Amino acid sequence: VNDKLHIRADSHSVKKFQQQGYQPYVYKKRGHPVVTKYYALPDNWLKNQSIALSEAKRSLDIAKKERESQAAAKPDRLKDLPNLRLATERMLKKAGIDSVSTLEQRGAVEAYKAIQQSHSSDIGIELLWALEGAIKGTHWSVIPQSRRDELAGRLR
């Protein structure tokens, strides 16, 4: 970013990077600054590739461990799953699905059908992808087209 190499920091390396005067990457979201966990590395790190490479490997290992622990710690509320909001949580509860475990047991197709039956308004097919993504822990947009076709086929 901005012709600088950035590396992801953990709680230990944040302190080290701050002591050495490294600056975090900051971007604006809706006019407000968002400070990230990524720090711009000084140019002298690029001259000594072994230091940069070892720090990058360390950062990658820590990021992988953090991701594993986040995946293991499932949210308690439906709205905290990927793709779901408070309104979706309310729709699911009205359809008789009141927990993350119930959603996982019923699956995306059955949850979608339950919402269709409990709501008078039309429900868009995108909700099916959102439910599948919530169960899988991913954003709905990365669900492969083949899986989307399979899910849509099970609605008939």
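For the sequence shown, the numbering used here assigns the number 984 to the initial residue and increments by one for each residue that follows. Backbone N, C-alpha and C fix where the C-beta goes; we use that ideal spot for every residue, glycine too. Since the model is a prediction, treat every value here as computed from it, not as a measurement.
### Task
Flag this pair as touching only if the stretch 1057 to 1070 and the stretch 1115 to 1127 have three or more C-beta atom pairs under 8 Å; answer yes or no.
yes
### Message
Pull the bridge partners of His989 from the DSSP assignment, please.
### Response
Ala1023
### Task
For Gly1095, count neighbouring C-beta atoms within 10 Å of its own C-beta (all shown protein chains included) and say buried if the count is 16 or more, exposed if not.
Before going further, note that residue 1095 is Tyr rather than Gly in the sequence given. Tyr1095 should be labelled buried.
### Query
Near Arg1137, which residues of its chain fall below 8 Å by C-beta distance, leaving aside the five closest residues on each side in sequence?
Val1092
### Identity of the residues DSSP links to Pro1016 by a beta bridge
Lys1011
### Message
Quick check on the burial criterion: 16 or more other C-beta atoms within 10 angstroms. Buried or exposed for Tyr1022?
### Response
buried
### Task
Measure the alpha-carbon distance for Ser1129 versus Gly1004 and round it to whole angstroms.
49 Å
### Message
Can you tell me where the alpha helix (DSSP H) holding Lys1005 begins and where it ends?
### Response
Note that residue 1005 corresponds to Tyr in the displayed sequence, not to Lys. Careful: Tyr1005 lies outside any alpha helix (DSSP H) and carries neither H nor E.
### Query
Grouping DSSP H, G and I as helix and E and B as strand, with all else coil, what is Arg1139?
coil
### Assumed close pair Gly1089, Ile1080 - CB separation to whole angstroms, cut-off 8 Å
First, the residue type needs correcting, since residue 1089 is Arg and not Gly in the sequence shown. That pair is a contact at about 6 Å.
#### Entry: Pairwise C-alpha distance: Leu1029 and Arg1140
The structure shown has nothing for residue 1140, since the chain only spans 984 to 1139.
### Query
Is the beta carbon of Leu1140 sitting closer than 9 Å to the one on Leu1043?
This structure does not reach residue 1140, given that the chain is present from 984 up to 1139, and the question cannot be answered.
### Task
Write down the C-beta distance between Leu1061 and Val1083 rounded to the nearest angstrom, noting that I regard them as a contact closer than 8 Å.
6 Å
### Query
Roughly how many angstroms separate the alpha carbons of Pro1016 and Val997, rounded to a whole number?
18 Å
### Query
From this set, Thr1071, Asp1059 and Ile1098, which residue's C-alpha is nearest Ala1078's C-alpha?
Ile1098
### Message
Measuring alpha carbon to alpha carbon, tell me which residue in Arg1013, Pro1007 and His989 is nearest Thr1019.
### Response
Pro1007
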